[in-house]
Each structure stands twice: as structure tokens, then as C-alpha cells.
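**Student:** Got a structure for you, written out below as C-alpha cells; questions coming shortly.
Numbering (this note's numbering), first residue to last: 960 to 1687.
Following this line, the structure appears as C-alpha cells:
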């Protein structure tokens, strides 16, 4: 009896297994038929979407549209006729599996294999196929939405963010001399401001680019621009140099995310035939930022009277006003971004179909109303969404305190950014990443290196010319004389100023007294710049309301001298300072010179191709460096600077376009951010190397810049042509 029962039990189990296998095979056939029909459906025109009857069934997780595998569809003849007792028994049989059960034992009857039972390779294969289908479909949708008012509104909003990035780069060079003088920074600490800003931009580009692929382009751009605006505004009020460096570091950290996020954002709302041209037009805002910074520096910084003080501890000079004015583009972009939607391509990539569809419909309706066709209907009902692969991240169970939860969340996000970055070196984008790395590094090293070298060479030529015009006065004997005029670029040696000689309400500019005697003299209301007394003797001399501090008396002896109301600290004065205006004017011309290159690159980007423009521009820039041999005057060097900037801008524009088109959507901002961070590192390296060669030799900078630019251009020609490709 017992053996009969066992046989019957085995027979029932065997029948159940057979029925389950038959049911699973039937569901597989249904799914294959649905997938085949879906593939054919996707390739057809989107005008047929409006004929679908079931409008509210256009999205199902995983990418199967209009079809849901339910119990009725999954039933088969092999399972018909079961009574309730059988169903209860079957449910008990399919309880929590033991260790010996395989994956099939965890699959419910009548259901396909769920994602959690598939290995990662299979899921990634399915996602890749979905992404390829989405790329083709999304291109057709953007073409249906058209190019019009929405794209132009987003163009100006993102242009303000890109303009803020250009302003940040120029602010460093314009503020550096004034800030270091105002805060009495010794030569050992000079130059830290420029390096610290580039360091912040380097880290920020990598971080915000990765974050844009995690939380969205709009949200990442809003946060990074807010960080930049807050710390830029705060830096204009701080007094200590250390705190000022801290503020500019985080200001650079914020603005570092502008370039990778802006280009990723804008490229995802442009059709293929519009992408190259309009991304190139967008690059013009960086030039506009440089012109804006140059004009504001020329109009504000030299006006030393634009300042006020609150006691002796707080000084607010004109360069601080300039810093506030330069934060306005950033503030404007933050305000405008609050009215713009998220990138629909990003939302589709993360599975948010409904939100993406609403934004695409908004783009379509906005453009159609601007064209005078408000009656035109958005015909797209269903959009492919890639299969979502959940990342399993281990989180500690003991996260009760808020700060531990914050630490875990930050660590999780950083780990996710790092994983996305590492995927930039996976097939099939690995080769492209390596080539882009070489091109970005060489172009940045040559461009920023020579950009620093040009102004330094011009200033070196100016200083040589200024030194050649110095006036020497020897063995002067002055008695009972009142000096009340400006002394400039003079050297007085072995002089005697005695018997009530007075220096009243005057300025010393680049004046040196050597081995001289001052007896019974008066210095009153004196302002000095680069003025020193070397090995001089002062006897019974009075100093009243002067800025002649003790460090200006080098190896000098003061006997029975009195100081009243000495103005301590570093003094800034731009009165009649031709060099200050000249520096701003040179930068203005160098920035304005890229305008023709911007226009040419925008008009020809989609006609001659990105690679031709990239390689040709870099090679021509390298060749133009040899004209520097003939730069023997200020005007000739300025002409060479304008020519060089005009040629390299086409390379920058084409490189930006190629970069956003070579990376898929889930890695686009991360890859761009990494390359932009590499750009800042190359800029710092170029500044150090080229800056150390000023006044020494021309051969090394010319040969070095030419070599790296030509080599980078040849590598750029090996990149794949993306002119005819959809945005992957």
C-alpha cells in the first residue's frame, strides 16, 4: 500500500513537471512572436501610432508594449481541468525552493523567466539591443518634434552656463595681480590662485559629469551652477587669502561641471542634421564670456576709487566689484534653468517613459505653435525604453544616524560614478576613449601653454622696453627744495637731500635710491609703487601719512626718524597705469579673434565633417606656431596670438561635437567630464612648462607646441566619423 502511494506521488509530480515545462515553452513562443512583431512595428512610420486603440497601455517595464504576459495568455491545454485541490497542492509544491532546486524551480507556471533569474550578460545584451532600437526611434521622434522655439530657448539658457565657464577662466588672470597685491601675498604664495581654480575645475568636471549620468542633466547643472555662484559671490567679500583660495576652489569645482553637462544636455534635443551646426553656435558663448570678462575688467578694476573700507580690517576694492559682476551670468543661468525640463533622452534611458513622453510632447507643441501650426498633433504613443538593470549595493544595516546615512549615500553615489567611468574603457568605446584622451590632452597642452606664454612674452617685451628708458641721476645735492610731482622709472645714486628738503603729495613709481643721504627731510602724503631705498641713511627725518614701510628700506640706516600714520598693507593703484589697460585690451583682442573661427566651424561642421575640421585645425595651428620666430615686437606678438586663437577654436568646437556623439547616453556626460578634467590637468602642466621658458628661449615653446598639436591632429583623424550617425 505504501509503495503504491509512493508511485502515485511520483506520477503526480512527474505530470506536474511536464505540465509546467509545456507551459513555459508556450510562453516562450508567445514572447518570441511579440518581440518579432515589435521589431517590425518599430521600423514603421510613427504616423501609425495614432491608429492604436489602447492609448493608456503604451508602457510596460522592460520594453514590451501593448502585451502583458498574464495567467490567461500563459495557460495551456496541459494544465486545464485542475481542480482547486490540485491548485493548492501545486502552490505548496512551488514553495520556497531548497538548495537542490534549479532556476526552473523558482519560475511560476505560465510566466516567462523573470529578470532576477537571468545572468548579467544576458540582461546587458537585451539592454544593448533596446538601446540601439531606442536610438533609431528617438531620432525620428526628434525630427517629428522639429527644431524651433524650444531648442532656441534652451540654447540661450545653456549658453549662459557656458558663458559663466568662460568668465571663470578669465577672472583668474584678471584678478590675480590685484588680489595678491591687495592681500599682501609674498612671491612664494603668488600664483596659487590660478592653480587652485584649475584644480577645482578638474575635480568638478569629473564629479558633475558622472552625476549628470546618475541624476539627470538639468539637476546636475542646477546644482553645480548654484555652487559656483554662491562661492564666487562669497569670495568677493572675504579678506584673508586662505579663505579666498577656499572660495575660488569651490567656485571652480562648481563651474567644472558646466561644459560636460551643457553639451550632453543640448545634444539630446537636436536632430542629427542640426547637431553639429548648433553645438558649434553654442560654443560661441564661451567666447562671449571671455569678451564680457575683458570688458568688465577694463571698465572696473583700474578704477581704484570704486572702493570703500570699514576700518582698517575690511577693505572692498574695485576688483571685488569685478568678481561680483562676473557672477551674474551664472546666476542668470540658474534662474533660467528652473523653467527648463529634463533631457527626455536621459529619462528614457533610466526607464521614465511617461515623463519623457510628456517632455517630448511639450517640445513638439512649443515648436508647432511657434510655426503657426497649433493643430498639429504629436503622433507618438509608444517609445522604447531599455531594460533596467538594478545595481546591487551592500548597505550597512546600522545606519540610524543621519550623518551615517549621508555617508552611505555619498559613498554609494561616488561608487556608481566610478563604475560608470570604468565602463568608458569597455568595448566598444574603449578605443575611442583612448584616442579622445590623446587629442584632448595635446590640444589643451598646446593651447593653454601658448595662451599663457603669449601674454608673458608681451609683458617681458614691455618690461625690457620700460627698463631701457630708465633715467639715472648721480651725485645729486638738493637743499631747501620741495618735491611735489611724480617720479617714475628713475634710479638716484649717491645723492644728498638735506636742509629741509620736502617730498609732499607725490608718487614714486619704480624709483630706486641708492647710497643716498636724507638729512632733516620730510616725507608727507606719499604713495609708492615698486620703490626702494637701498643702503641709504636717514637722519632727523619725518614720515607722515606715507606707505613707506620698513621692508622698503633695504640695508638702510634710520637715525632719530619719526613715522606718523603709516599706511600698512599692500597698495593698489592703477592711476595712469598703461599696462593694466593694455593687458585687458590684449585679452579682449585674443578672445574676439575666435569669432571668425566660430562662424566658419558652425557653417562647415556638417558639410566637411568633424574629423576634417579637427585634424585640419590642429595641424594648421601647429604650423602657425613657427611664425612666432618673427615676433619681435608687441604688435607682432598680438597678431600671432589672434591668428593662433582663430585657428584653434575650430578644433575645440569639432572636438566637443565628436565627444558627445561617440559616447552612449548612459556614459556621455561621464566620458565628457573625464576628458574635460584631463583638459584642465594639461592646462596646468602647460602653464608651468611654458611659463618657465619666458625670456629664456623661443625655440622650445615653438617646437613643443607644434609637435603636440600636429600629433594630436593626426590621432584625431583616426576617430570614427559621427556625422551620419544617430545619437547612441
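We put the beta carbon where it would ideally sit given N, CA and C, even for glycine.
1) Report yes or no: do the stretch 1631–1638 and the stretch 1376–1396 share at least 3 C-beta pairs separated by less than 8 Å?
2) Starting from the C-beta of residue 928, find all residues in its chain whose C-beta is less than 8 Å away, skip the five residues before and the five after it, and write them out in chain order.
3) Near residue 1248, what residues of its chain come up, given a Cβ to Cβ distance below 6 Å and the 5 sequence neighbours on each side ignored?
4) Counting pairs of Cβ atoms below 8 Å between the stretch 1539–1556 and the stretch 1661–1678, do you hit three or more?
5) Let me know if residue 1285 comes out buried or exposed under the rule of 16 or more other beta-carbons within 10 Å of its beta-carbon.
6) Please classify residue 1337: does DSSP put it in a helix, a strand, or coil?
7) Taking the straight line between their C-alpha atoms, what separation do you get for residue 1287 and residue 1188?
8) Bridge partners for residue 1488 per DSSP, in chain order?
9) Just verifying my parser: in three-state terms, what is the DSSP assignment at residue 1652?
10) In chain order, what residues of the same chain have a beta carbon less than 8 Å from the beta carbon of residue 1442, not counting five sequence neighbours either side?
11) For the candidate residues 1235, 1482 and 1319, whose alpha-carbon lies nearest to that of residue 1559?
12) Only counting the same chain, and skipping five residues up and downstream in sequence, which positions put a Cβ closer than 8 Å to that of residue 1606?
13) Taking the beta carbon of residue 1677 as the centre, do at least 16 other beta carbons fall within 10 Å, making it buried, or is it exposed?
14) Taking 6 Å as the limit between beta carbons, can you name the residues of its chain near residue 1329, skipping five residues before and five after?
15) Under the three-state reduction of DSSP, which class applies to residue 1678: helix, strand or coil?
16) Where residue 1250 and residue 1281 are concerned, what is the direct C-alpha to C-alpha distance, given to the nearest angstrom?
17) Does the count of Cβ pairs from the stretch 1373–1382 and the stretch 1621–1630 closer than 8 Å reach three?
18) Are there three or more Cβ pairs, one per stretch, closer than 8 Å when the stretch 1319–1328 is compared with the stretch 1085–1104?
19) Between residue 1190 and residue 1213, which are expected to be in contact by the criterion C-beta below 8 Å, what is the C-beta distance as a whole number of angstroms?
20) Do we get a CB-CB distance below 8 Å when we pair residue 1445 with the residues of chain C?
21) DSSP on residue 1023, reduced to helix/strand/coil?
22) Between residue 1616 and the rest of its own chain, which residues show a CB-CB distance below 6 Å, the 5 nearest in sequence each way excluded?
23) Please give the ranges of any beta strand (DSSP E) in the stretch 1545–1589, keeping only runs that are unbroken, at least 3 residues long and fully inside the region.
24) Where does the unbroken beta strand (DSSP E) through residue 1438 begin, and where does it stop?
25) Beta-carbon separation of residue 1333 and residue 1318 under 8 Å?
26) The alpha helix (DSSP H) that contains residue 1237, what's its start and end?
27) Provide the residue span of the beta strand (DSSP E) that contains residue 1498, from first to last.
28) Evaluate the contact criterion for the stretch 1195–1209 versus the stretch 1218–1227: three or more CB pairs, one atom per stretch, below 8 Å.
29) Considering only residues of the same chain and omitting the five flanking positions on each side of residue 1671, which have a CB-CB separation below 6 Å?
30) DSSP on residue 1392, reduced to helix/strand/coil?
31) Quick one: using the 10 Å Cβ neighbour count with 16 as the cut-off for buried, is residue 1589 buried or exposed?
32) Just to confirm, are residue 1547 and residue 1254 a CB contact at a threshold of 8 Å?
33) At the level of alpha carbons, what is the spacing between residue 1306 and residue 1300?
34) Contact between the stretch 1645–1658 and the stretch 1364–1379: three or more CB pairs below 8 Å?
35) For residue 1299, which three-state DSSP category applies?
36) Residue range of the alpha helix (DSSP H) that residue 1522 falls in?
**Tutor:** Here's the rundown:
1) Yes: the two stretches touch, three or more of their Cβ pairs being nearer than 8 Å.
2) Missing from the structure shown is residue 928; the chain here goes from 960 to 1687 and no further.
3) 1122, 1125 and 1126
4) no
5) buried
6) coil
7) 8 Å
8) 1468
9) coil
10) 1460, 1461, 1462, 1463 and 1465
11) 1235
12) 1556, 1576, 1579, 1580 and 1583
13) exposed
14) 1107 and 1108
15) Residue state, collapsed to three classes: coil.
16) 14 Å
17) yes
18) yes
19) With a Cβ gap of about 7 Å, residue 1190 and residue 1213 count as contacting.
20) Looking for chain C here will not work: only one protein chain is present.
21) Note that residue 1023 scores a pLDDT of 39, beneath 50, so its modelled location is shaky and nothing firm can be said.
22) 1235, 1238 and 1569
23) You should have found no qualifying run.
24) 1436–1438
25) no
26) Bounds of the alpha helix (DSSP H) holding residue 1237 are 1231–1259.
27) 1496–1498
28) Not touching, per the Cβ criterion.
29) 1398, 1401, 1402 and 1577
30) helix
31) Answer is exposed; the Cβ neighbour count stays below 16.
32) Their beta carbons are under 8 Å apart, which means residue 1547 touches residue 1254 by this criterion.
33) 11 Å
34) no
35) coil
36) Per DSSP, residue 1522 belongs to no alpha helix (DSSP H); it is in the beta strand (DSSP E), 1521–1523.
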